[in-house]
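In this text, residue positions in the sequence shown follow my numbering: the first is 96, and each later residue adds one.
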Amino acid sequence: MKIQRLKVAGFGPYKDEQIIDFERFDDDGIFLITGKTGAGKSSLLDAICFALYGSAPRYDGTQPKLRSDYCEPADPTFVELEFTVHGVAYRVHRTPEYQRPKKNGSGLTPEKARAELFRNTDGEWHGIAARPVDVARELDGILGLTKDQFLQVILLAQNRFQEFLLAKNDERQAVLRTLFGTSRFEHVELALTERRKTLGASLESTAGSMRASAEHAAGLAQCEVPAEPTLDWFGEILAALGEAQAEADQRATVADAEHAAADAEHRALQRTRTNQLRRDSARDILQTFDAHAGAIDADRRTLERAQKAASVWAHVAAVRGAEQARTRAGEREEERRVAFVAAAENAVDAAVELSVASAPEAEALERIIDDLARRLGSLDDVLRDEKTLSDLAARVRSCEKHRGDCAAAVDDAGALVVALPQQLAELADVLTAARVTAAGAASARDRVARLDASRAAAKRAVTLERRLIEARFAEKDASAIFAEATRAQDELFARRLDGYAAELARDLTDDTPCAVCGSVDHPKIAVSDGAPVSEADIETAKENVSARRADLDAATSAASALVAELAEATAAAGNRSIDEIETELLDATTTLVEAEAAVTVVTDGEVEQERLRVSLADATTHLDQLRADLSAATDELTTARNALDAVSRRVEESRAGFDSVRARAAVIQACLDKAKALDEAMADRRVRDDALASARAVLQTQLAENGFEDETVVEESRRSSAEIAAIDTRIREHDQSVTSARSTLAEPELADLPADLLDLEAASAALSDAAAARDAALQVSGLLGDRVRQLETIVRRVRAEQDASALLREEYDRVRALANAVQGNEPNTKRMRLETYVLAGQLEEIVIAANARLRTMTSGRYTLQHDDSVQYRNVKSGLGLAILDEHTGRARATHSLSGGETFLASLALALGLAEVVTNQAGGISLDTLFIDEGFGSLDRETLDIAMATLDGLRSGGRTIGLISHVEAMKEQIPAKLRISVTDAGHSRVDTSLELV
């Protein structure tokens, strides 16, 4: 940066406009600003600082005091500075806030602070900012230095010269950061910190997931969760649960075998009890009929006598009747025999032999009837079971459907539990991107507002350009008219002068001295050749010239005002066309719309994120409940299937080839009915045979053969048919019952039975207990199997997560160590941040450059040292300075130096800083340096050394301005800028600069 030209007016002690061209000192390289105390030497440096930063070091916060007290109310106050940065010339014009007279009325009104900034392009000045805030923003980017930094490295003002030497670590870092552009290293620190936080959050998420998995696993294994669950712990509880499942399966197998044994024993006892009941029933029947044997025998005799009596009574009628009855009985017997044979052929399971059934004897038929009755009785329980099959099958189907519904619900809930974390992760990525975009909403909104203002300014500039062209033409016309009026006035003046000669000539006579020359000779008397010009003509011409002059001034003022307005509008538009601004505005508007849309996405996304988290918790709870329901449904289905299987087996065993037990029982019942009917027919036929034989015997042998003595006995022996049938029925039923009972007692399975009736209560209880134990064991085995499967899934997921998190942990440890190191924390033993480390290297170079001069100026006594030692109470370190005193051989704090020593050290440090910054690529070139006071604290010898040092800085085109009252410096520095004080008290810069 190089200061080239300064113009001030109404500023500090300077009432009138003063112009200082610093480029006139370029050849000398060093000059002295001299003048009396209070003349305004430091005020020139205040003006430079005010032009660049809007405030002066000695007037901070008091802009109204910058206006000169010597100014008249209408006098202007401004500072204008021309300077170059990186070869580009700039001009800043700034006016402070002050009080001026009101244009209308009396009193004062505040004049607002104004500022304008121009850039020189191809030899022409172009406005780039026209408001103090805009000028400040532009200068901030151009200069790259804050006001305090500028005062430490370029303009070393009074009482601030030693600040960089005595600055604290953070203050010195702020200056060096701006000078060397190291803020990017701070960005590296922030990036590493953010990366560490992101990785830490990921690890926390993984740890939380593992903790949740451990709690779930502990719930399945019914154990406590350790403080730090490990993969080994997961493996151990899985192995333990697997062993428990194996034991449960073994217990279930044993319980099932015990139940089968108990069921077999119960069935055997039940069959034995049934046989006991049949045996006892047959014995009771025989005892009952033995008690009635005498009555049956009497019935037999009565029946026999009645039959004989009937045959004797009407032997012919009896024979005929007997023959008819015999025929009917035979036919009936044959019909019933055919029906019985047909029924026996259908009853393939009834164990009826067709050869017997085709012509059975009475005794064989009775055995068949007994066998059919026994088989039909054995089907009673199975028939009841068969009726329950449809209900049992319906229950199985219902249980299967219920279990299927539970399984589907578990699958759906499980899929939801898996899908929700994925949705949360995807939503987190969307929110992260949206937050980044939404963060630019405010800046995008400001940019749109600025571009709107720039577009309005650009449109105003187009209008002003047209108006300016018109004003220029008006100014040109007014100038031509003014020139013509001036020419006419000059012509009148010439004619008036010529007229004066003719008037004098008219009054001349011979020997009369001329009023002009005093001569009495008048060789050539002037003669008027036109109309005389009067005073009125002259006044009219003057008035015309004045009017035309006023018109020209007005036109010029109008054009100048338009120029200023155009410059302000152009600067406000940033020297851009309307199309360029609208292109940028379209881009900015698009960015703003995207940012505002991102804000909406963030708001809606955060609501959705909370909803998904609640849904995940609810879904997990619901899934656990559904799994419990599925286990219960499985147990219920197993029970229903077992019951159906048991009944189905019994029914299947009892169908014997029929479609159903009921069909088989119906066939047996039909066969039994036909057998009984046949038996009755055979009995009837035998009776009829006997009756016929008796009738014939009576007819043949008459009464003698029948044992009747006379007809009275026969009559007494007669019985009605009903009585005979009743007696016959009693006899037959008695015979059948006795036969059946004896047949039952003759069965082999009734032999060797216990005498006492068996009690089934203990066996039933044992069977019930075995069934309960078996069901409980199967339930426990199923539950443990489900838990093992769930735990295996959890262990696989945890292992996968741990494999992934191992790499994440390794990266986190590296990033954390690196982030801590670059931030000056452990393991950084120097507590030096990355940016501080880089700046420490720059500071070492500055110290080296400064020491090259300081050792010379102090005759080798003092040397600056870079102090990077760790400070007290963990204060950040790395940019400290100390002074090594060769007399003591020890380093001490810089603030322990005397005033003169502090000045020399500060001067050496400032010069070293300027040298290093200039030599650094990308740094600011410090081509101008001002030093205000401080030399008075040096003795003559040290001053000569300091001056020689400063004189050596002129190489490379650098210019150094010094302010001092020291007479020796006035003698040594030939180039001077003298400040003097007028008789009125205000100061001025001598226009003829003293370059001795």
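Don't be surprised by glycine CBs; every beta carbon is placed ideally from N, CA and C.
Assignment of Leu-460 by DSSP, reduced to helix, strand and coil, places it in the helix class. DSSP, read as helix, strand or coil, puts Ala-224 in strand. Fewer than three Cβ pairs drawn from the segment 454–469 and the segment 729–740 lie within less than 8 Å of each other, which leaves the two stretches out of contact.
The way I'd put it, the segment 753–772 doesn't touch the segment 514–533; fewer than three beta-carbon pairs between them come closer than 8 Å.
Distances from the CA of Ala-871 to each of Gly-994, Glu-521, Phe-998 and His-354 were compared; the closest alpha carbon is that of His-354.
Membership of Ala-988 in any alpha helix (DSSP H) is not indicated; the residue belongs instead to the beta strand (DSSP E) covering 985–988.
Secondary structure at Tyr-193: strand, using DSSP grouped into helix, strand and coil. Taking a contact as a CB-CB distance under 8 Å, the pair Thr-397 and Ile-822 counts as one, their CB atoms being some 6 Å apart. Under DSSP, Asn-946 shares a beta bridge with no residue. In this structure, Phe-178 lies away from Leu-161, with their beta-carbon atoms at least 9 Å apart.
Contact between Leu-959 and Leu-974 does not hold, since their C-beta atoms are separated by about 13 Å, which reaches or exceeds 8 Å.
Here Asn-215 carries a strand assignment [DSSP, helix/strand/coil].
For the 9 Å CB-CB criterion, Ala-867 and Glu-360 do not form a contact. Between Glu-691 and Ala-536, the C-beta gap is smaller than 9 Å, which places the two residues in contact.
For Lys-136, the CB contacts under 6 Å within the same chain, skipping 5 residues up- and downstream, are Ile-128, Gly-130, Ile-1058 and Ile-1074 in chain order. With a cut-off of 8 Å on Cβ pairs, the segment 541–559 is not in contact with the segment 695–710, counting fewer than three such pairs.
Shown here, Gly-425 sits in a helix according to DSSP, grouped into three states. With fewer than 16 other Cβ atoms inside 10 Å of its own Cβ, Ile-564 counts as exposed. Given a length threshold of 4 residues, each whole run of the alpha helix (DSSP H) inside the segment 230–299 is given here in chain order: 242–248, 258–261 and 264–275.
A residue is called buried once 16 or more other Cβ atoms fall within 10 Å of its Cβ, and Lys-482, having fewer, is exposed. For Thr-204, the enclosing beta strand (DSSP E) covers residues 203–206. Residues of the same chain with a CB within less than 8 Å of the CB of Phe-126, apart from the 5 flanking positions on each side, are Phe-120, Thr-1054, Ile-1055, Gly-1056, Leu-1057, Ile-1068, Ala-1070, Lys-1071 and Leu-1072 in chain order. It is roughly 58 Å from the alpha-carbon of Leu-855 to the alpha-carbon of Ser-710. Counting along the chain, Phe-145 sits inside no beta strand (DSSP E); it lies in the alpha helix (DSSP H) bounded by residues 136–148. With a threshold of 16 other beta carbon atoms within 10 Å, Asn-199 falls short and is exposed. Between Leu-657 and Arg-562, the C-beta gap is smaller than 9 Å, which places the two residues in contact. Cys-501 and Asn-370 have their C-alpha atoms some 48 Å from each other.
Taken through DSSP and simplified to helix, strand or coil, Phe-435 comes out as helix.
Lys-160 carries a helical assignment under DSSP once its states are collapsed to helix, strand and coil. With fewer than 16 other Cβ atoms inside 10 Å of its own Cβ, Asp-1085 counts as exposed. Counting other Cβ atoms within 10 Å of its Cβ, Ala-424 reaches 16 or more and is therefore classed as buried.
Residue Ala-650 holds the alpha-carbon nearest to the alpha-carbon of Ala-569 among Ile-633, Ala-650 and Arg-427. The beta-carbon distance between Ala-104 and Pro-171, rounded to whole angstroms, is 6 Å. This is short enough to meet the 8 Å contact definition. Distance from the Cα of Thr-273 is smallest, within the candidate group Asp-243, Glu-663, Thr-953 and Leu-333, for Asp-243. No Cβ-Cβ contact shorter than 9 Å links Gly-133 with Pro-152. The three-state reading of DSSP puts Ala-712 in helix, counting H, G and I together.
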